[in-house]
Amino acid sequence: MGRFKYTTGGGVLTEEQRQFYEDNGYILIRNNVSHALLDELKERFIDICEGRVDSGVMTVMKDPSLKYKGVKGEYLINKIQDFLFDDVLFKYCTYPAMVDVIESIIGPNITGAHSMLINKPPDSDPGASLHPMHQDLHYFPFRPAEKIAASWTAMERVDENNGCLYVVPGTHKGQLYEHTYPDGYKNKLYHGIHGLDHLKKVHVVMEKGDTVFFHPVLLHGSGPNSTKGFRKAISCHYADNNCYFIDVRGTSQERISTEIEALAAKKGFPAKFVEIWKAKSRLVRGVPGNFQNLESHL
Ligand SMILES: O=C(O)CCC(=O)C(=O)O
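Heads up, the final residue of the sequence shown is numbered 305 in my numbering, and it's a clean run with no missing numbers.
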C-alpha cells in the first residue's frame, strides 16, 4: 500500500488535495457547481414542494415542528430524498466537475447511491433544525467505506448562523459508532451519536456552488438555523459500482434497517434493506457492477 489509502487518483484532485482528504477525511472545493444549475435545481425543488411536479418515488419529508402550523410548500418540506430518478435533480449527481472529484476518491466506476436536497428551516422549536453528529456509513449496507464518498453543495452561503455543516477532521480513520435518536428528537431518521460533543468541530463555511466531499465514517452534523431564511444544500452519496453488500442483522445498523424497511413498506415497496438500496441507486459512470445486479444480494 502506498501513502494513499482513502483516494485512488485519476480524476482531478491534485496530490496535495488528495493528501488533505487522506489526513482529514474531507476536502472543500470552491465554486465547483454552476449557479445556473443550482437555480434550476432550486426551481425543481419548489415545483415538487408546491405539487406542480409529481414527487413519484422520492421521499418528501415535512418539518415536524411546522407540520401543524398551517405552513405549506417550500416552507413545510425540510428534505427531499431519493431523487436519482428525477432527471432534473439527477443533473446534480452527474455534473462532470463533481463526478471528476469523486473519481479521484473512489475510482472510475460510480453509482449514485443516495441523494438529498436539504431545506433547513428556521429553528421554530429550539434545536428542531439541527442535525446531530453522525456518520453516514450507519445508513449503508455496503462496503468498503473508502469506496463511498459524499458530495454536499451549498445552494446559498452557509455559515454558523444558518446551520452550516461541521466536520471532525481525521475521524474517518476511526470506528463506526452506535447511533440512536437524540433526547427529545424531532426528525425521523436523524440518528446521532451520544457522548462525542467534546470533539473539536470545524464549521465549513461555504458560498453558493462550493462543494465539500467527505468519507462516510467522518463525524459530522449541522447546527440550528437561527436566521429567518431556509438554508438549502444538495448532496449525493456515491459508491463504487462493485461495492459488496453486508447483512446488518445483529449489528449497530439493525435498527436503522428496520426503520427504513418499515418506511418503504408504508410507501408500497415492501423489500429488504439491501434490495431497497440497490433499487434506489443509479449508475453514474463506468462499468456496471454489484449495485446494478438486482439478482444476487448477499
Ligand atoms: O445538511 C445538513 O444539515 C446535514 C446533512 C447531513 O449531514 C446528512 O443528511 O447526512
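In this text, a Cβ means the ideal position worked out from N, Cα and C, and glycines have one as well.
Residue j beta carbon less than 7 Å from that of residue i
i	j	result
Met123	Ser158	no
Phe280	Glu268	yes
Cys250	Phe92	no
Lys285	Leu301	yes
Val165	His227	no
Asn232	Ser136	yes
His201	His145	no
Gly170	Glu110	no
Met65	Asp89	yes
Pro189	Pro129	no
Asn116	Asn31	no
Asn307	Lys239	No information on residue 307 is available, as it lies outside the stretch 8 to 305 that the chain covers here.
Leu225	Tyr33	yes
Leu96	Arg59	no
Gly80	Cys56	yes
Ile112	Thr14	yes
Ile241	Tyr102	no
Val108	Phe220	yes
Glu167	Lys215	no
Beta-bridge pairing of residue i - partner residues as DSSP gives them
i	result
Val165	Met213
Ala157	Phe221 and His244
His121	His244
Thr187	Gly199
Lys127	Arg238
Tyr173	His210 and Gly228
His138	Ser229
Phe11	According to DSSP, which records beta bridges pairwise, Phe11 is partnered with nothing at all.
Cβ neighbour criterion (16 or more within 10 Å) applied to residue i
i	result
Val40	buried
Gln142	buried
Pro277	exposed
Asp61	exposed
Gln182	exposed
His5	Beyond the ends of the chain as shown, which are 8 and 305, falls residue 5; an answer cannot be given.
Asp70	buried
Asp46	exposed
Leu172	buried
Asp94	exposed
Thr21	exposed
Whole alpha helix (DSSP H) elements within the segment 230 to 295, 4-residue minimum: The DSSP assignment places 261 to 273 and 280 to 286 as complete runs of the alpha helix (DSSP H) inside the segment 230 to 295, in order along the chain (cut-off: 4 residues).
Note down, one range per segment and in chain order, each beta strand (DSSP E) of at least 3 residues found wholly within the segment 29 to 110. Uninterrupted beta strand (DSSP E) stretches at least 3 residues long and entirely within the segment 29 to 110 occur at 33 to 36, 66 to 69 and 84 to 88, given in chain order.
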